């Protein structure tokens, strides 16, 4: 009796529209608070690293370069690829539940999309997880080598100038720079692959869903219902891609 209004599609449609009118303001406020929380978490992380590394022997160039890398890169990667992506996943999950509930409400036959979407996201994550882990460790290694090489070249500036061996140092550093940027480009490219695959697969699913619905019902699908389903599914396209990318960057943050 209390939930009888749920049987009225006009009320349900109004609820969905209200959600999307309120969403920009709510998300803007959430993003601001999230960024403040991220900044505070980064500050605390750097303070903890400084406190715990103070008594560690960092006089060797290798250890000091690793420590500098942790301060300058790994801490940022951990915060933005681990904590931030966790919040992205949570936000996308809430929107996904809301949208998918709307699709199922208007077209119950679309319930079979849920296991397919979940399977696609986790398959995409599984395919990129191993390679992201390996390449993330390679980037860490090249970062340490880069910092170490810069430290060595500047500390031995006079000797390098006297013996005229700067070209050798320059070539070695250029090789490290190339390896680092090349590996990073591979990671960025890999993160885009799920989007291309998901878009193709989900477009096929849209066609199959409309065909299935038209075969199961003798009546033509209500135009407003069809529009809602199409808009909702096209919102699910970037959402599924973002979820897969977030899982990949989440893995990158775990490596850091």
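In the working numbering, the protein residues as written are 140 to 395. Heads up, the beta-carbon is just placed ideally off N, CA and C, and yes, glycines get one too. Model, not experiment: these values are computed from the prediction.
With 16 other Cβ atoms within 10 Å as the buried cut-off, status of residue i
i	result
residue 301	exposed
residue 178	exposed
residue 209	buried
residue 274	buried
residue 250	exposed
residue 267	buried
residue 242	buried
Residue i to residue j span [Cα, whole Å]
i	j	result
residue 158	residue 239	14 Å
residue 229	residue 235	10 Å
residue 288	residue 317	14 Å
residue 296	residue 205	22 Å
residue 303	residue 261	54 Å
residue 259	residue 298	57 Å
residue 265	residue 332	13 Å
residue 191	residue 183	12 Å
residue 161	residue 340	31 Å
residue 244	residue 216	40 Å
residue 290	residue 167	43 Å
residue 164	residue 346	34 Å
residue 189	residue 211	12 Å
residue 272	residue 232	24 Å
residue 314	residue 279	15 Å
residue 187	residue 171	24 Å
residue 169	residue 154	21 Å
residue 253	residue 327	28 Å
Check whether residue i and residue j have beta carbons under 8 Å apart
i	j	result
residue 270	residue 185	no
residue 322	residue 282	no
residue 285	residue 319	yes
residue 396	residue 173	What the structure shows of the chain is the stretch from 140 to 395, and residue 396 is not part of that stretch, so it cannot be assessed.
Chain C contact for residue i (CB, 8 Å cutoff)
i	result
residue 189	In summary, chain C is missing from the structure at hand, where a single protein chain is found.
Anticipated Cβ contact below 8 Å, residue i with residue j, distance rounded
i	j	result
residue 207	residue 181	Their Cβ separation, rounded to whole angstroms, is 16 Å, which puts residue 207 and residue 181 out of contact at 8 Å.
residue 308	residue 292	5 Å
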